[in-house]
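Undergrad: Sharing a structure below in structure tokens format, with a few things to ask.
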Ligand SMILES: Nc1ncnc2c1ncn2[C@@H]1O[C@H](COP(=O)(O)OP(=O)(O)O)[C@@H](O)[C@H]1O
Ligand SMILES: [Mg+2]
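In the numbering used here, the protein residues as written are 50 to 503.
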């Protein structure tokens, strides 16, 4: 036993649309056909009755003028005319008309005379065609004129009309249904193509876009939106892949270094100065640890999607002083001079790490000294770390903020990091609603972080 509701739900969109519209169309067509047939029938019978009544009226006029001929020549549409006297006897008739038996008698005659309406009559009993439309009109002296018109021709015409409708309506319905099937199929084709495009993307995992239909309709917008999304996903995936490969690359050199040191040491255990080996291995381990820490910080910043986890008031002034103290024996002197207390809202640990990265870069590159400055600029707090080193060429000042970007590739192994420092600086600043940028300090570099004031 098939559940019709379930069956219906399982049909495709196209089938459902076509079936629904065909059903509505069928109802409308049947109603129209019926209305049409009914109207045609009524109006043709009306015309026939009017012509019979006109014929009868002509005869009544003749009777009232006392000029009744016999036989009566039929005029108008009536085929047979009889004139009866008060008692129902036939006084005159049209040629071929019955002279003994009236077409209407008794009660039929009385009511026909009274209401003047035409009625059906089987003419076969009188040797006339079947059926007839008969009217009876009163004339002077209680006489009655009966006029009959043949319905046969009209009936044949009506039958033709009905036959045409009965055959034509289903054909029309099928044609309209087929047209609907084609049109709806055409309208749904872009969706099919979208699906096929998506299938290809899934199947080949290559950079692809969905086909965008030419018509500027909902499907077009959908395809464009989905393509935007695909583009962003692709970018994210590319970034992710680059990150993984860069990370692997960065991991390789300290690991290779540790391995070499240990292999050499184990090959000649007696001649080995073990504390030296341990120091070398420790340095590489610290490098690895720092890389892991930096990657974790960046991953957290990515996760939080531009919002710092903690939003506590942070005194930048105090933060800068402790940051200066945290570099106990810097390569060059670090001059930290905070002025008025400047407070921002955010994550103290994150802001400290940001500052450490800047001071670390500056002390590494400075020739004679580093200055850390704190200032207010409108509704912003500005922290600047200034060195007098070689600086960074204008063209590279944006690029160095990207992850794993190092300009001094050839530097010795234990200097600096993996090129994640400035990326952490900028992303931390942005997470706090601010930004970071580099300018020329002539000589040297000025790294500035701008944060919204608390
Ligand atoms: N104060 C500076 N003076 C000159 N170059 C700098 C300075 N700070 C950073 N750089 C350059 O920018 C690059 C990226 O810095 P960073 O992201 O901190 O990475 P890392 O310190 O690990 O090399 C550095 O490799 C260096 O070439
Ligand atoms: Mg750095």
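Here a beta-carbon is modelled for each residue, glycine too, at the ideal position from N, C-alpha and C.
Output the boundary residues of the alpha helix (DSSP H) element that contains residue 289.
TA: Within the chain shown, the letter at position 240 stands for residue 289. That run of the alpha helix (DSSP H) goes 267–316.
Undergrad: Rounded to a whole number of angstroms, what is the C-alpha to C-alpha distance between residue 67 and residue 233?
TA: Along the chain shown, one-based indexing puts residue 67 at 18. Along the chain shown, one-based indexing puts residue 233 at 184. Distance between the alpha carbons of residue 67 and residue 233 is about 8 Å.
Undergrad: With DSSP as the reference, please indicate the residues paired to residue 218 in a beta bridge.
TA: Start at 1 with the first residue of the chain shown, and residue 218 comes out as number 169. Answer by DSSP bridge pairing: none, since residue 218 is not bridged.
Undergrad: Would the beta-carbon of residue 344 be found less than 8 Å away from any heavy atom of ligand 1?
TA: Residue mapping note: residue 344 aligns to position 295 of the chain shown, counting from 1. Incorrect: residue 344 has no Cβ contact closer than 8 Å to ligand 1.
Undergrad: Quick check: the Cα distance between residue 308 and residue 291, rounded to an integer number of angstroms?
TA: If you number the chain shown from 1, residue 308 lands on position 259. If you number the chain shown from 1, residue 291 lands on position 242. The straight-line gap from Cα to Cα measures roughly 26 Å.
Undergrad: Less than 9 Å between the beta carbons of residue 535 and residue 465, yes or no?
TA: Look at the range of the chain in this structure, 50 to 503, and you will see that residue 535 is not part of it.
Undergrad: For residue 127 and residue 161, I'd like the C-alpha separation in whole angstroms.
TA: Here residue 127 corresponds to residue number 78 of the chain shown, with the count starting at 1. Here residue 161 corresponds to residue number 112 of the chain shown, with the count starting at 1. If you take the alpha carbons of residue 127 and residue 161, they lie about 16 Å apart.
Undergrad: Check each candidate in 240, 221, 139 and name the one with the smallest Cα separation from residue 196.
TA: The residue given as residue 196 occupies position 147 in the chain shown. Nearest option by C-alpha distance: 139.
Undergrad: What does the alpha-carbon distance come out to for the pair residue 529 and residue 500?
TA: Since the displayed the chain opens at 50 and closes at 503, residue 529 lies outside it and no answer follows.
Undergrad: Rounded to the nearest angstrom, how far is the Cβ of residue 437 from that of residue 451, given a contact under 8 Å?
TA: Stepping through the chain shown from its first residue, residue 437 is reached at position 388. Stepping through the chain shown from its first residue, residue 451 is reached at position 402. Not a contact, Cβ separation roughly 25 Å.
Undergrad: Where do the N-terminal and C-terminal ends of the alpha helix (DSSP H) with residue 144 fall, by residue?
TA: Stepping through the chain shown from its first residue, residue 144 is reached at position 95. Residue 144 -> no alpha helix (DSSP H), and no H or E assigned at all.
Undergrad: Within a Cβ cutoff of 6 Å, which residues of the same chain sit near residue 462, ignoring the five residues on either side of it in sequence?
TA: The count along the chain shown starts at 1 and reaches residue 462 at position 413. Unreliable placement is indicated for residue 462, whose pLDDT of 45 sits below 50; no coordinate value is reported for it.
Undergrad: Take the Cβ of residue 327 as the centre, count every other Cβ of all protein chains shown within 10 Å, and call the residue buried at 16 or more, exposed below.
TA: Here residue 327 is taken as the residue at index 278 of the chain shown, counted from 1. When all chains shown are included, residue 327 counts as exposed.
Undergrad: Hey, how far is the Cα of residue 336 from the Cα of residue 316?
TA: Locating residue 336 in the chain shown gives position 287, counting from the first residue. Locating residue 316 in the chain shown gives position 267, counting from the first residue. C-alpha separation (whole angstroms): 25 Å.
Undergrad: To the nearest angstrom, how far is the alpha carbon of residue 201 from that of residue 155?
TA: Start at 1 with the first residue of the chain shown, and residue 201 comes out as number 152. Start at 1 with the first residue of the chain shown, and residue 155 comes out as number 106. Those two C-alpha atoms are separated by around 26 Å.
Undergrad: Check each candidate in 287, 403, 193 and name the one with the smallest Cα separation from residue 474.
TA: Locating residue 474 in the chain shown gives position 425, where the first residue counts as 1. It is 403 whose Cα lies nearest to the Cα of residue 474.
Undergrad: With DSSP collapsed to three states, give me the class of residue 361.
TA: Taking the first residue of the chain shown as position 1, residue 361 is located at position 312. It is a strand residue.
Undergrad: For residue 147, I'd like the list of residues in its chain whose CB is within less than 6 Å of its CB, leaving aside the five on either flank, ordered along the chain.
TA: On the chain shown, residue 147 is found 98 positions in, with the first residue counted as 1. Counting only Cβ-Cβ distances below 6 Å, and skipping sequence neighbours, we find 175.
Undergrad: Should residue 471 be listed as close to ligand 2, given that the test is whether its C-beta is under 8 Å from any heavy atom?
TA: Here the question's residue 471 lines up with position 422 in the chain shown. Residue 471 Cβ: within cutoff of ligand 2.
Undergrad: Counting only runs of 3+ residues fully inside the region 91–132, write out the beta strand (DSSP E) ranges in chain order.
TA: Complete beta strand (DSSP E) runs here, min 3: none at all.
Undergrad: Select from 171, 198, 226, 221 the residue whose C-alpha is nearest the C-alpha of residue 104.
TA: Here residue 104 corresponds to residue number 55 of the chain shown, with the count starting at 1. Of the listed residues, the one whose Cα sits closest to residue 104 is 198.
Undergrad: Determine the DSSP secondary structure at residue 149, reduced to helix, strand or coil.
TA: Counting from one through the chain shown, the residue named residue 149 turns up at place 100. DSSP places residue 149 in coil when its eight states are reduced to three.
Undergrad: Could you give the DSSP three-state label for residue 462: helix, strand or coil?
TA: Counting from one through the chain shown, the residue named residue 462 turns up at place 413. Low local confidence applies: a pLDDT of 45 at residue 462 is under 50, so the model's placement there is unreliable, and no value is given.
Undergrad: Rounded to the nearest angstrom, what separates residue 484 and residue 411 at their Cα positions?
TA: For this step, residue 484 is matched to residue 435 along the chain shown. For this step, residue 411 is matched to residue 362 along the chain shown. Going by the C-alpha atoms only, they are around 18 Å apart.
Undergrad: Is the closest heavy atom of ligand 1 to the C-beta of residue 455 under 8 Å?
TA: Mapped onto the chain shown, residue 455 falls at position 406. Indeed, a heavy atom of ligand 1 lies less than 8 Å from the Cβ.
Undergrad: Got a sec: does ligand 2 put a non-hydrogen atom nearer than 8 Å to the Cβ of residue 409?
TA: Within the chain shown, the letter at position 360 stands for residue 409. Yes, the beta carbon of residue 409 sits closer than 8 Å to at least one heavy atom of ligand 2.
Undergrad: Pop quiz: residue 496 and residue 487 are said to be a contact at Cβ under 8 Å. What is the actual Cβ separation, rounded to whole angstroms?
TA: Residue numbering aside, residue 496 sits at position 447 when the chain shown is read from its first letter. Residue numbering aside, residue 487 sits at position 438 when the chain shown is read from its first letter. That belief holds up - the Cβ atoms of residue 496 and residue 487 are roughly 5 Å apart, short of 8 Å.
Undergrad: Cα separation between residue 428 and residue 266?
TA: Reading the chain shown from its first residue, position 379 is the one you call residue 428. Reading the chain shown from its first residue, position 217 is the one you call residue 266. Taking the straight line joining both Cα atoms gives about 46 Å.
Undergrad: Rounded to whole angstroms, what is the Cα-Cα separation between residue 381 and residue 375?
TA: Position 332 of the chain shown, counted from the first residue, corresponds to residue 381. Position 326 of the chain shown, counted from the first residue, corresponds to residue 375. Taking the straight line from one Cα to the other gives about 14 Å.
Undergrad: Classify residue 328 as helix, strand or coil using the three-state DSSP reduction.
TA: On the chain shown, position 279 is the one that residue 328 refers to. Reduced to three states, the DSSP call for residue 328 is helix.
Undergrad: Mapping DSSP to helix, strand and coil, what is residue 195?
TA: For the purposes of this step, residue 195 is identified with residue 146 of the chain shown, where counting begins at 1. The answer is strand: DSSP assigns residue 195 an E or B state.
Undergrad: Could you have a look at residue 85 and say whether DSSP puts it in helix, strand or coil?
TA: Position 36 of the chain shown, counted from the first residue, corresponds to residue 85. Three-state DSSP puts residue 85 in a helix.
Undergrad: Which whole-angstrom value describes the C-beta separation of residue 365 and residue 476, a residue pair presumed to lie in contact below a C-beta threshold of 8 Å?
TA: As a first step, residue 365 must be located in the chain shown, where it is residue number 316. As a first step, residue 476 must be located in the chain shown, where it is residue number 427. Residue 365 to residue 476, Cβ: 18 Å. No contact.
Undergrad: Looking at the secondary structure, which residues open and close the beta strand (DSSP E) in which residue 497 lies?
TA: For this step, residue 497 is matched to residue 448 along the chain shown. Looking at the DSSP string, the run of the beta strand (DSSP E) that includes residue 497 is 494–501.
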